[in-house]
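Colleague: From first to last, the protein sequence lines stand for chains A and B.
Take 1 as the starting number for the first sequence in full-length UniProt numbering and just add one per residue.
Take 1 as the starting number for the second sequence in full-length UniProt numbering and just add one per residue.
Here a beta-carbon is modelled for each residue, glycine too, at the ideal position from N, C-alpha and C.
Next up is a structure, given as structure tokens.
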Amino acid sequence: MTAVAPTAPPATRHPSPAPRLTRWVLRLHRPALCVWVGLVVVLSAALLWLGGPLTDASAAAWEQYNACAGASKCAYDQPAIIRYKEVYSATTFAVLALPFLVAAWAGATLTSRELETGTAQLTWAQSVSPVRWLTTKLALPATLVVAGAGLVVALHHLAWSAGKGRIDTAKSWSDVSTFYSGGPLTVALALLGLVVGVLVGLLWRRSLPALGISVVATTGVFAIVHTALPYLWPSVTQVRNRVQGAPSGAGIAVDEGILTSTGARLPNPYCGGDVFPDCRATYDKLDAVGYYRDFHPLAHYWPLQLMATALTCAIVAVLIFAAYRVLKSRTGGTPRGASTTE
Amino acid sequence: MTSSAIEATGLGKAFRRRGGWALRDCTFQLPAGRVSALVGPNGAGKSTLLALAAGLIAPSEGSVTVLGGHPAHVRPRIGFVSQDKPLYAQLTVAETLHMGADLNPDSWDADTAERVAAGGGLDLETRVRSLSGGQRTRVALALALAKRPELLLLDEPVADLDPLARHELMGTLMATAARYGTTIVMSSHVIAELEDSCDHLLLIGDGRVRLAGDIDDLLAVHSLITGPAREAATGADFDLAPHTTVESRITGRQVTALVRPAGPLPVGWQTNDLSLEALVLAHLRNPAAPPLTLGQASASASDSASASASDSTSASPTSQEATSASAMPQEEPA
């Protein structure tokens, strides 16, 4: 049987409109979209509650407590203080978990599952090129992740600021979890989780391993950024003599130790200071004349946040490039040159 | 037949994970406007070949040209249905077809989509995850056909269907293809199924082309012959040279052989009917048989070849000679 003599002309082919892939990516990931929107709404509500009524109640309780001035009996609203601390810890943890949550989801579903089940190939067998497919799979979730994480992080920063100076046990800006959860760095890390998930999915093409590897890889990059963070902006050095004692521990520490008479830096033996005779002897033997401490003061908050965000974004860019390279090596990409499509 | 739908030159694909070549050194042309069968045992490289032609994977060596261009450039003009018929399980059939319309904005034929999908009495509001194998195949074919492709690549399209559904779907497929002049390349390892619907054959085994050409021409240049196992005069084993022997089997005093005659056959040999299945099986059983590609040049002679093949039951040596001469087989060293 030979299929010849077409009785109907082939469909007219104009310079075609772009395939509408976006709505289908949204449709196919509707459950994840609902979870994300729900998470952002709940977390935002919790942070508004924290920054408003909970902070006010806790601040009032602290006023009551401080008014007692150490009296043996003091009536103050202790539950309000505890509630503030608990909600603060829980919301901070939730914000910090977002990058890993995004990595797990992206690793498990976004590319790996489609390649595993063959639905990616189904899409490419329509008029959608693999490059367009990957671009949509990156751009659409990235927009939603940045918007959601950005909102939550901003609200966390506001909630934390509201308690500053009013709640005695409010976290310092340099507290690691507070520093991360209240700045753009966490938004960049969430984006990183997404891109890691997409790349790992392209490489492993199996949903479950890709989930695990994505979370582990995101943790690894997180650790790299965290390690590099103190060195991303020039630190400030504080010097004290032996009589004054070691400098206080404010800000983000970079390095600390003892100074010799020649100005050399030595590690601190942490023997307790000049008040202890043994320690005094140790210091004398080391020719120690004082202490030094390299650290970042509060003024370095935004420079550190922005530099670390920029570093994370640079890593994201490299990973995106790698994702396109992997896809191209697998599918052959679309060579340049005149398209022969009529 | 004026042009090639698919043209491969030295095409090869190696998979690192599977540790070896799935396809190697394949050079062939598949004609446009025809229905070509891609045949080979499991693991022969059929799926790899179709995925390469559909632009879903990149070749490791060589090149493939589809509809005169790079597969990635002609994506909107190719339809492809892969062996496991992947579909989004969470969508309904109607949503799947709607997606097809959105992803093929310049060539979607909604009527064809619904006609093919709903053909088996399928409710369009059913979720894909609850479809049977046959219904899935129907939806996958609907997606591919409604794109109204110039070239349709089908990997084992009806392998998992019962005979009735298979017959019905093949009918739908062929009717739609005939209506729009679609070129079809279809893989299968069920040869009997292809014999009715295909007119061109590409047989691959161990990742290489073993046999290629118009089915009628291929049948015409081969003869299944029976004769005495030993020469009457000398008692020596019968030597079939100069004819190319694909396969010979001795049963008692008789030998049955599939040969590509190079001239008149020896007196006393009887020619039997040759089916496509027997031809393919003989080549699969004997990997050492030299590959044969009947070139595009033979196409013009295909009519006369078919004609002489059809009356070759009389096994006249002259018609055999004429056939092999007109079909111009290009044998390659094994």
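Give a yes or no on whether 9 Å exceeds the smallest Cβ distance from B/PRO76 to chain A.
Modeller: On the second sequence, position 76 is the one that residue 76 of chain B refers to. Yes, its Cβ sits closer than 9 Å to a Cβ of chain A.
Colleague: I need the straight-line Cα distance from B/ARG148 to B/ASN286, nearest angstrom please.
Modeller: Sequence index remark: in the second sequence, residue 148 of chain B carries index 148 (1-based). Sequence index remark: in the second sequence, residue 286 of chain B carries index 286 (1-based). C-alpha separation (whole angstroms): 40 Å.
Colleague: Taking Cβ-Cβ distances below 8 Å as the criterion, which residues of the stretch 53 to 68 of chain B are in contact with chain A?
Modeller: Look at the stretch 53 to 68 of chain B: the residues with a C-beta under 8 Å from a C-beta of chain A are ALA54, GLY55, LEU56, ILE57, ALA58, PRO59, LEU67 and GLY68.
Colleague: Tell me, please, whether the CB atom of B/PRO71 is closer than 9 Å to any CB atom in chain A?
Modeller: The sequence position of residue 71 of chain B within the second sequence is 71, counting from 1. Taking Cβ atoms only, chain A reaches closer than 9 Å to B/PRO71, which makes this a yes.
Colleague: Identify which residue in B/LEU91, B/PRO261, B/ALA282 and B/GLY68 has its Cα closest to the Cα of B/ALA241.
Modeller: Working through the second sequence from its first residue, we reach residue 241 of chain B at position 241. When only C-alpha atoms are compared, the closest one is B/PRO261.
Colleague: Would you kindly report the start and end of the unbroken alpha helix (DSSP H) that includes A/TRP133?
Modeller: Residue mapping note: residue 133 of chain A aligns to position 133 of the first sequence, counting from 1. Here the alpha helix (DSSP H) through A/TRP133 covers 130 to 163.
Colleague: Taking A/THR219 as the query, report the chain B residues whose CB atoms sit under 9 Å from its CB, ordered along the chain.
Modeller: As a position in the first sequence, residue 219 of chain A is number 219, starting the count at 1. Simply none; closest approach about 27 Å.
Colleague: Less than 9 Å between the beta carbons of B/VAL81 and A/ALA120, yes or no?
Modeller: Here residue 81 of chain B refers to the residue found at position 81 when the second sequence is read from its first residue. Here residue 120 of chain A refers to the residue found at position 120 when the first sequence is read from its first residue. Going by C-beta atoms, B/VAL81 is not nearer than 9 Å to A/ALA120.
Colleague: What number of angstroms, rounded off, separates the C-alpha of B/SER302 from the C-alpha of B/ILE215?
Modeller: As a position in the second sequence, residue 302 of chain B is number 302, starting the count at 1. As a position in the second sequence, residue 215 of chain B is number 215, starting the count at 1. Here the model assigns B/SER302 a pLDDT of 37, short of 50, so the residue's position is not dependable and the matter cannot be decided.
Colleague: Hey, A/ASP294 and A/ASP255: beta-carbon distance below 9 Å or not?
Modeller: Your numbering for residue 294 of chain A matches position 294 in the first sequence. Your numbering for residue 255 of chain A matches position 255 in the first sequence. A contact, by the Cβ cut-off of 9 Å.
Colleague: Tell me, please, whether the CB atom of A/VAL128 is closer than 9 Å to any CB atom in chain B?
Modeller: Against the first sequence, residue 128 of chain A aligns to sequence position 128. For A/VAL128, the nearest beta carbon of chain B is closer than 9 Å to its own beta carbon.
Colleague: Of all the options B/VAL280, B/SER47, B/LEU279 and B/HIS243, which has the alpha carbon lying nearest to the alpha carbon of B/GLY263?
Modeller: Start at 1 with the first residue of the second sequence, and residue 263 of chain B comes out as number 263. Answer by Cα proximity: B/HIS243.
Colleague: In whole angstroms, what is the alpha-carbon distance linking A/GLN64 and A/TYR76?
Modeller: As a first step, residue 64 of chain A must be located in the first sequence, where it is residue number 64. As a first step, residue 76 of chain A must be located in the first sequence, where it is residue number 76. Those two C-alpha atoms are separated by around 5 Å.
Colleague: Under a CB-based cut-off of 9 Å, is B/SER308 close to chain A?
Modeller: On the second sequence, residue 308 of chain B is found 308 positions in, with the first residue counted as 1. Residue placement at B/SER308 is flagged as unreliable, the pLDDT there being 37, under the threshold of 50; a coordinate-derived value is accordingly withheld.
Colleague: Bridge partners for A/LEU28 per DSSP, in chain order?
Modeller: Position 28 of the first sequence, counted from the start, is the residue given in the question as residue 28 of chain A. DSSP output for A/LEU28 lists no bridge partner at all.
Colleague: In or out: A/TRP302 buried (at least 16 other Cβ within 10 Å) or exposed?
Modeller: As a first step, residue 302 of chain A must be located in the first sequence, where it is residue number 302. Exposed.
Colleague: Which residue from B/ASP217, B/GLU114 and B/VAL246 puts its Cα closest to that of B/LEU294?
Modeller: On the second sequence, position 294 is the one that residue 294 of chain B refers to. Of B/ASP217, B/GLU114 and B/VAL246, the smallest CA-CA separation from B/LEU294 is found for B/ASP217.
Colleague: Using 9 Å as the threshold, is the C-beta distance between A/THR91 and A/LEU43 below it?
Modeller: Counted from its first residue, the first sequence places residue 91 of chain A at position 91. Counted from its first residue, the first sequence places residue 43 of chain A at position 43. In this structure, A/LEU43 lies closer than 9 Å to A/THR91 by Cβ.
Colleague: If you measure between the beta carbons of A/VAL187 and A/GLY220, is that distance less than 9 Å?
Modeller: Within the first sequence, numbered from 1, the residue matching residue 187 of chain A stands at position 187. Within the first sequence, numbered from 1, the residue matching residue 220 of chain A stands at position 220. No. Outside cutoff.
Colleague: B/LEU38 and B/LEU49 look like a contact to me (Cβ under 8 Å); what is the Cβ gap, rounded to whole Å?
Modeller: Sequence index remark: in the second sequence, residue 38 of chain B carries index 38 (1-based). Sequence index remark: in the second sequence, residue 49 of chain B carries index 49 (1-based). About 7 Å; that satisfies the 8 Å criterion.
Colleague: Need the endpoints of the alpha helix (DSSP H) that A/PRO303 sits in, please.
Modeller: Position 303 of the first sequence, counted from the start, is the residue given in the question as residue 303 of chain A. Unbroken alpha helix (DSSP H) run through A/PRO303: 301 to 331.
Colleague: For A/ALA108, which residues in chain B fall below 7 Å Cβ to Cβ?
Modeller: Locating residue 108 of chain A in the first sequence gives position 108, counting from the first residue. Residues of chain B passing the Cβ test: none, with the nearest at roughly 15 Å.
Colleague: If you measure from the beta carbon of B/PRO157 to each beta carbon in chain A, is any gap under 9 Å?
Modeller: Taking the first residue of the second sequence as position 1, residue 157 of chain B is located at position 157. No, because no Cβ of chain A sits closer than 9 Å to the Cβ of B/PRO157.
Colleague: Are there 16 or more other CB atoms within 10 angstroms of the CB of A/LEU229, so buried, or fewer, so exposed?
Modeller: Here residue 229 of chain A is taken as the residue at index 229 of the first sequence, counted from 1. Flag for A/LEU229 reads buried.
Colleague: Would you tell me roughly how many angstroms separate the C-alpha atoms of B/ALA165 and B/THR137, rounded to the nearest one?
Modeller: Here residue 165 of chain B corresponds to residue number 165 of the second sequence, with the count starting at 1. Here residue 137 of chain B corresponds to residue number 137 of the second sequence, with the count starting at 1. Cα-Cα distance, rounded: 10 Å.
Colleague: Does the ligand NAD have a heavy atom nearer than 8 Å to the CB of A/VAL95?
Modeller: With respect to the ligand NAD, the structure offers nothing, as it holds no ligand at all.
Colleague: Measure the alpha-carbon distance for A/ALA69 versus A/TRP62 and round it to whole angstroms.
Modeller: The count along the first sequence starts at 1 and reaches residue 69 of chain A at position 69. The count along the first sequence starts at 1 and reaches residue 62 of chain A at position 62. Cα to Cα, the separation comes out at about 11 Å.
Colleague: At a Cβ threshold of 9 Å, is A/LEU47 touching chain B?
Modeller: Reading the first sequence from its first residue, position 47 is the one you call residue 47 of chain A. Cβ-Cβ to chain B under 9 Å: no for A/LEU47.
Colleague: Buried or exposed: A/LYS285, going by 16 or more other Cβ atoms within 10 Å of its Cβ?
Modeller: Here residue 285 of chain A refers to the residue found at position 285 of the first sequence. It counts as exposed.
Colleague: Return the first residue and the last residue of the alpha helix (DSSP H) that B/ARG285 is part of.
Modeller: Here residue 285 of chain B refers to the residue found at position 285 when the second sequence is read from its first residue. Counting along the chain, the alpha helix (DSSP H) containing B/ARG285 begins and ends at 276 to 285.
Colleague: Less than 6 Å between C-beta atoms, sequence neighbours within five positions excluded: which residues of the same chain meet that for B/LEU145?
Modeller: Within the second sequence, numbered from 1, the residue matching residue 145 of chain B stands at position 145. Excluding residues within five positions, the ones whose Cβ falls inside 6 Å are THR112, VAL116 and THR176.
Colleague: 9 Å is my cut-off, CB to CB: does A/SER329 come that close to chain B?
Modeller: The residue you call residue 329 of chain A lines up with position 329 of the first sequence. At least one CB of chain B lies nearer than 9 Å to the CB of A/SER329.
Colleague: The beta strand (DSSP E) with B/LYS13 in it runs from where to where?
Modeller: As a position in the second sequence, residue 13 of chain B is number 13, starting the count at 1. Looking at the DSSP string, the run of the beta strand (DSSP E) that includes B/LYS13 is 4 to 15.
Colleague: Check whether the Cβ of A/PRO19 lies closer than 9 Å to any Cβ atom in chain B.
Modeller: Here residue 19 of chain A refers to the residue found at position 19 of the first sequence. Closer than 9 Å to some Cβ of chain B, the Cβ of A/PRO19 qualifies, so yes.
Colleague: Applying the 10 Å Cβ sphere with the 16-neighbour rule, what's the burial state of B/CYS198?
Modeller: As a working note, residue 198 of chain B is residue 198 in the second sequence. Result: buried.
Colleague: Just verifying my parser: in three-state terms, what is the DSSP assignment at B/GLN83?
Modeller: Translated into the one-based positions of the second sequence, residue 83 of chain B becomes position 83. If DSSP states are grouped into helix, strand and coil, B/GLN83 belongs with coil.
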